[in-house]
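Residue 15 is where the sequence shown starts when you use my numbering, and the numbers rise one by one after that.
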Amino acid sequence: MSKFWSWFKRHFWSFSIVCVTVLLAYLFYLDAQIKPHFSGNKWQVPAQIFARPLTLSLKQEISPKEVVDELKLLGYRKVSTVSSVGEYAVNKDTLTLFRRAFHFPDGFLPASELTLRWRNARITELTRDQTTTNEIRLEPWLVTRMSSGSREDRMLVTKADLPPLLIDALVLVEDRNFYSHWGVNPLAIARALLANISAGKKVQGGSTLTQQLVKNLYLTREQSYTRKIKEALMSLVIDARYSKDEIILAYLNEVFVGQNGRKAVHGFGLGSHFYFDRPLNELNLPEIATLVGMLKGPSFYNPRRKPERAKTRRDLVLRILFESDKIDKATYLAALESPLYVASGASLASGQHPAFMEQVRRELTTVLVDPELRESGIKVFTTLDINAQRRAEKALTQRTVNIANARNLPNLQAAMVVSDYRSGGVRVIVGDKQPDAQGFNRALDIQRSIGSLVKPAIYLGALAQPERYHLASILVDELITLEDEQGKVWQPQNADQRTRGKVSLLSALTHSYNLPAVHLALDIGLPNLVNMLAELGVEEPIPELPAITLGAINLAPFSVNQMYQTLANNGLYRPLHTVSAVVSTRNVLLWQQANYSAQRVSEDVTYLLNYALHKVTKTGTAKALDKHFPTINMAGKTGTTNDYRDSWFAGFDRNLVATIWMGDDSNQQTGLSGSSGALQVFIDWQKQMAPKSLSQRFPANLGIAHFESGTGLRMQPGCTNSISVPAIIDKLPQQAKTCTGQIAPVPAPKAPSKKKKNWWERIWS
Numbered sequence: 015m016s017k018f019w020s021w022f023k024r025h026f027w028s029f030s031i032v033c034v035t036v037l038l039a040y041l042f043y044l045d046a047q048i049k050p051h052f053s054g055n056k057w058q059v060p061a062q063i064f065a066r067p068l069t070l071s072l073k074q075e076i077s078p079k080e081v082v083d084e085l086k087l088l089g090y091r092k093v094s095t096v097s098s099v100g101e102y103a104v105n106k107d108t109l110t111l112f113r114r115a116f117h118f119p120d121g122f123l124p125a126s127e128l129t130l131r132w133r134n135a136r137i138t139e140l141t142r143d144q145t146t147t148n149e150i151r152l153e154p155w156l157v158t159r160m161s162s163g164s165r166e167d168r169m170l171v172t173k174a175d176l177p178p179l180l181i182d183a184l185v186l187v188e189d190r191n192f193y194s195h196w197g198v199n200p201l202a203i204a205r206a207l208l209a210n211i212s213a214g215k216k217v218q219g220g221s222t223l224t225q226q227l228v229k230n231l232y233l234t235r236e237q238s239y240t241r242k243i244k245e246a247l248m249s250l251v252i253d254a255r256y257s258k259d260e261i262i263l264a265y266l267n268e269v270f271v272g273q274n275g276r277k278a279v280h281g282f283g284l285g286s287h288f289y290f291d292r293p294l295n296e297l298n299l300p301e302i303a304t305l306v307g308m309l310k311g312p313s314f315y316n317p318r319r320k321p322e323r324a325k326t327r328r329d330l331v332l333r334i335l336f337e338s339d340k341i342d343k344a345t346y347l348a349a350l351e352s353p354l355y356v357a358s359g360a361s362l363a364s365g366q367h368p369a370f371m372e373q374v375r376r377e378l379t380t381v382l383v384d385p386e387l388r389e390s391g392i393k394v395f396t397t398l399d400i401n402a403q404r405r406a407e408k409a410l411t412q413r414t415v416n417i418a419n420a421r422n423l424p425n426l427q428a429a430m431v432v433s434d435y436r437s438g439g440v441r442v443i444v445g446d447k448q449p450d451a452q453g454f455n456r457a458l459d460i461q462r463s464i465g466s467l468v469k470p471a472i473y474l475g476a477l478a479q480p481e482r483y484h485l486a487s488i489l490v491d492e493l494i495t496l497e498d499e500q501g502k503v504w505q506p507q508n509a510d511q512r513t514r515g516k517v518s519l520l521s522a523l524t525h526s527y528n529l530p531a532v533h534l535a536l537d538i539g540l541p542n543l544v545n546m547l548a549e550l551g552v553e554e555p556i557p558e559l560p561a562i563t564l565g566a567i568n569l570a571p572f573s574v575n576q577m578y579q580t581l582a583n584n585g586l587y588r589p590l591h592t593v594s595a596v597v598s599t600r601n602v603l604l605w606q607q608a609n610y611s612a613q614r615v616s617e618d619v620t621y622l623l624n625y626a627l628h629k630v631t632k633t634g635t636a637k638a639l640d641k642h643f644p645t646i647n648m649a650g651k652t653g654t655t656n657d658y659r660d661s662w663f664a665g666f667d668r669n670l671v672a673t674i675w676m677g678d679d680s681n682q683q684t685g686l687s688g689s690s691g692a693l694q695v696f697i698d699w700q701k702q703m704a705p706k707s708l709s710q711r712f713p714a715n716l717g718i719a720h721f722e723s724g725t726g727l728r729m730q731p732g733c734t735n736s737i738s739v740p741a742i743i744d745k746l747p748q749q750a751k752t753c754t755g756q757i758a759p760v761p762a763p764k765a766p767s768k769k770k771k772n773w774w775e776r777i778w779s
């Protein structure tokens, strides 16, 4: 023994230097492991997918209910008097709200008190912080969070997002000496060890917040002394290198707080939305206490599954705050009396609106090539109108199921696409009669014959030749037999199997007669039709075969919507898109949708066509719209394919163009026409949407012209056997028949009255 001590005394300093050197080297090694992860991106953070923000402007036609629906969606609380961010109050025709601050792609908007006033369903006054303004914008709704495969989900918060009482509650409950220890608390470890030995089981933990963070960020679940030593040393390194604020912020972003389906909910930022459906900085005292109290066991104290247990734990946290003089007695007692509140959690339900999100994913792969960038917590701003989407899902599901049950069509399916035709922003995509189904996306990928939806392209091609065709032109409605190069005979028929000899162009389109459309398409030429479809936005190759005149063209509803977007927008093409901008976690703009447009078809010509499509909804194949919306002017076209296999409808009001397909995936007969199937979905959807009446500017080159019924010849005004329709005046003959059958010059048109609109302007205004 004496030899050992003699040796130990001789080598003590050498041995100590070696031990210290090894320890320091190991600490430097740990520091090298910690620094890149802690200082850089600590987590794979899912992309945040936002819906479109609601923009409100003076004279806008929108009801208070529509705005309140948006505020409810955003988690605003209704109060009698607005005093805090995230609140709103309604008083007759006045709405006041305290808007949240938000980083938009085009800049930061601070929190503001906004006031809106209405008269006759139109906004008449807008103020921001008591200052009059012409436009205000609400923050967009967070739709979902998109990741490639991680089982963890989180929403990062900054120090500015943290309510002061949250830090107090967390430190008092989880680590009272957090601000005084060096990352490890030996006294707490010793106290916990004695308590556990006394109880014969683990009843108390001695880990600091820093140790908990290290365990979650860097270490495995292994239970060993070597792991505990490594945990302690790493905690010392982190505490030495980083500030207490940085450590507690990392903890608040990392800690596990619950389970959302297959995704683990991490961090207080996402936990606040998951449990209370509002941002962390808007939580009140009882909600903060609930969230902090859950940390001891998120499953054990889950407020949805174990409300009594969660409330008991919440009240304990409140008592700790009171006894530590962080809150006064009145505040403490009021918080104790408040019921345990928890939101439904539906706002963060996974897999919502999969058809729309699929298109977002497809666009992101072209916009952001680097997959790691898509896992860095980027903000993706989309064009989704969540209220329109939900109403479309409801209308499509209910109508499809009802028709399927009534007609014994168990395999009946449907899809729907809606876009803002002025911007090209897609508002709605439904790909299945079960909207949450993750499988085949019919809205994007099903390829079906479009039937009579092709006819507007035919008539547009004819009206683009105003010297030859106008709305009153007479078309042939007679049988025709065609033979292809292989000798195969094609003999189209009208849907009612009748022929009328001659019909006006307007009547032929209004009632969707097949034979006049075929004759007209052959007259203007199949290459003309194929080119017109391409101009309208159809990108798929189309063969120049006679059958395309009746819609033997396979397109997806998304492609058809692009075609009708150009029509509804008076010939101005805008590419459909769901992603409008992408912003980094630091709110740096990474990508923005280009404001591209092209006048593919003359505004004059598309105006004439839209007049005819308006007639379709009043007296033609879509006249059911007039029955349900007699005071609303819309335009649209039904489509039915051979043997009633596919039912289509494409229609638009002042703002939105919708395309609906209904049919059987296996292309079996359904017995549904466009009006008995797809149109009914459109009607059901519009009943929920409060549609806005069409309001189109009358082009300068157009005027009201008079034509003889039965011949299409231009007539003088006031004759009983004439029809009046808009036309491109300078392309018409300057000689016209009089009421007695003679030919005479057309009278010069009178200047329009500034006091009173003509009948045509009244219809469209």
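Quick reminder that beta carbons are idealized off the backbone N, C-alpha and C, glycines included.
Would you kindly work out how many angstroms separate the C-alpha atoms of ARG456 and PRO571, rounded to a whole number? Numbered from its first residue, the sequence shown carries residue 456 at position 442. Numbered from its first residue, the sequence shown carries residue 571 at position 557. Their backbone Cα atoms lie some 8 Å apart in a straight line.
Expected contact under 8 Å - CB spacing of LEU534 and LEU489 to nearest Å: In the sequence shown, the residue the question calls residue 534 occupies position 520. In the sequence shown, the residue the question calls residue 489 occupies position 475. Indeed, because the Cβ distance is near 6 Å, the residues count as touching under 8 Å.
For LEU519 versus LEU540, is the C-beta distance shorter than 7 Å? In the sequence shown, residue 519 corresponds to position 505, counting from 1. In the sequence shown, residue 540 corresponds to position 526, counting from 1. No; because the gap between Cβ atoms is not below 7 Å, this pair is not in contact.
Apart from the five residues just before and just after GLU337, which ones in its own chain have a Cβ nearer than 8 Å to its Cβ? In the sequence shown, residue 337 corresponds to position 323, counting from 1. Close CB contacts of GLU337 within its chain, under the 8 Å cut and outside five residues either way in sequence, are absent.
Quick one: which unbroken alpha helix (DSSP H) runs of 4-plus residues sit fully inside the stretch 607-658? Chain order, please. 617-633 and 638-642
Which of the three DSSP states, helix, strand or coil, is assigned to GLN700? Your numbering for residue 700 matches position 686 in the sequence shown. Correct three-state label for GLN700: helix.
When DSSP labels each residue in this structure, what does SER437 get in the three-state scheme? Translated into the one-based positions of the sequence shown, residue 437 becomes position 423. Reduced to three states, the DSSP call for SER437 is coil.
Determine the direct distance from the alpha carbon of LEU297 to that of ASP259, and round the result to whole angstroms. Locating residue 259 in the sequence shown gives position 245, counting from the first residue. Locating residue 297 in the sequence shown gives position 283, counting from the first residue. The alpha-carbon atoms of ASP259 and LEU297 are separated by roughly 20 Å.
Return yes when the C-beta of ILE646 is under 6 Å from any heavy atom of the ligand GDP, and no when it is not. Ligands displayed in this structure: none; no statement on the ligand GDP is therefore possible.
Burial state of HIS642 (16 or more Cβ within 10 Å): By 1-based counting over the sequence shown, the position of residue 642 is 628. Classification of HIS642: exposed, given that the 10 Å Cβ count is below 16.
Report buried or exposed for ARG276, applying the criterion of at least 16 other Cβ atoms within 10 angstroms of its Cβ. Within the sequence shown, numbered from 1, the residue matching residue 276 stands at position 262. With fewer than 16 Cβ atoms within 10 Å of its Cβ, ARG276 is classed as exposed.
So does the stretch 121-128 actually touch the stretch 437-444, counting three or more Cβ pairs closer than 8 Å? Contact check between the stretch 121-128 and the stretch 437-444: fewer than three CB pairs, one atom from each, fall below 8 Å, which does not count as touching.
Taking the C-alpha atoms as reference points, what is the distance between ASN584 and LYS701? Within the sequence shown, numbered from 1, the residue matching residue 584 stands at position 570. Within the sequence shown, numbered from 1, the residue matching residue 701 stands at position 687. Rounded to the nearest angstrom, the two C-alpha atoms are 26 Å apart.
Go through the stretch 245-274 residue by residue and report every complete run of the beta strand (DSSP E) that reaches 3 residues or more, in order. 270-274
Taking buried to mean at least 16 other C-beta atoms within 10 Å of its own C-beta, is ARG512 buried or exposed? Position 498 of the sequence shown, counting from 1, holds the residue named residue 512. Exposed is the call here.
If the criterion is Cβ atoms closer than 7 Å, does the pair GLY283 and LEU294 meet it? Numbered from 1 along the sequence shown, position 269 holds the residue referred to as residue 283. Numbered from 1 along the sequence shown, position 280 holds the residue referred to as residue 294. Less than 7 Å separates the beta-carbon of GLY283 from that of LEU294.
Does the stretch 149-163 touch the stretch 64-71, meaning 3 or more C-beta pairs lie closer than 8 Å? yes
Spatial neighbours of ALA626 within its chain, please: C-beta separation below 6 Å, excluding the five flanking residues on both sides. As a position in the sequence shown, residue 626 is number 612, starting the count at 1. Same-chain partners within the cutoff: LEU520 and LEU523.
Exposure of SER687, with buried meaning 16 or more beta-carbon neighbours within 10 Å: For the purposes of this step, residue 687 is identified with residue 673 of the sequence shown, where counting begins at 1. SER687 comes out buried.
Starting from the Cα of ARG614, find the closest Cα among LYS637, ALA548, ASN568 and TYR435 and give me that residue. For this step, residue 614 is matched to residue 600 along the sequence shown. That would be ALA548, whose Cα lies nearest to the Cα of ARG614.
Three-state secondary structure assigned by DSSP to VAL217: On the sequence shown, position 203 is the one that residue 217 refers to. Low local confidence applies: a pLDDT of 46 at VAL217 is under 50, so the model's placement there is unreliable, with the coordinate-based value given in what follows. DSSP places VAL217 in coil when its eight states are reduced to three.
I'd like the list of long-range same chain contacts for GLY691, defined as Cβ closer than 6 Å, with 5 residues on each side in sequence excluded. Your numbering for residue 691 matches position 677 in the sequence shown. So the qualifying residues of the chain are SER661 and MET676.
Find the nearest neighbour of GLN74 within the set THR110, ARG131 and PRO761, judged by alpha-carbon distance. For the purposes of this step, residue 74 is identified with residue 60 of the sequence shown, where counting begins at 1. Nearest of THR110, ARG131 and PRO761 to GLN74, Cα basis: ARG131.
Just list the residues that DSSP pairs ILE718 with in beta bridges. Translated into the one-based positions of the sequence shown, residue 718 becomes position 704. Paired residue(s): PRO740.
Taking only three categories from DSSP, how would you classify MET430? Working through the sequence shown from its first residue, we reach residue 430 at position 416. In this structure, MET430 counts as strand in the three-state DSSP scheme.
So within the stretch 659-710, which uninterrupted beta strand (DSSP E) runs reach at least 3 residues, ignoring any that extend past its ends? 660-666 and 670-678
Verify whether the separation of the beta carbon atoms of LYS340 and ASP446 is less than 7 Å. The count along the sequence shown starts at 1 and reaches residue 340 at position 326. The count along the sequence shown starts at 1 and reaches residue 446 at position 432. No, they are not a contact pair.
Which residue's Cα is closest to the Cα of MET648: GLN710, GLN403, ALA595 and ASN575? Stepping through the sequence shown from its first residue, residue 648 is reached at position 634. Closest by alpha carbon: GLN710.
Just the Cα atoms here: how many angstroms apart are ALA636 and GLN576? The residue you call residue 636 lines up with position 622 of the sequence shown. The residue you call residue 576 lines up with position 562 of the sequence shown. Near 21 Å, if we compare the C-alpha coordinates of GLN576 and ALA636.
Taking only the alpha-carbon atoms, compute the straight-line gap between ALA638 and THR654 and give it to the nearest angstrom. The sequence position of residue 638 within the sequence shown is 624, counting from 1. The sequence position of residue 654 within the sequence shown is 640, counting from 1. Spanning the two alpha carbons is a distance of roughly 16 Å.
Please classify ILE472 as buried or exposed, where buried requires at least 16 neighbouring CB atoms within 10 angstroms. As a working mapping, residue 472 is identified with position 458 in the sequence shown. Buried, since its Cβ has 16 or more Cβ neighbours within 10 Å.
State the DSSP-derived secondary structure class of PHE118, mapped to helix, strand or coil. Along the sequence shown, read from residue 1 onward, the residue named residue 118 stands at position 104. In the three-state reduction of the DSSP assignment, PHE118 falls in the strand class, which pools E and B.
Out of THR725, THR684, ALA246 and VAL671, which one is the CA nearest neighbour of TRP699? The count along the sequence shown starts at 1 and reaches residue 699 at position 685. For the residues THR725, THR684, ALA246 and VAL671, the minimum Cα distance to TRP699 belongs to VAL671.
Just checking, does the stretch 87-99 make contact with the stretch 112-122 on the three C-beta pairs under 8 Å criterion? The stretch 87-99, when compared against the stretch 112-122, does touch it at the 8 Å Cβ threshold.
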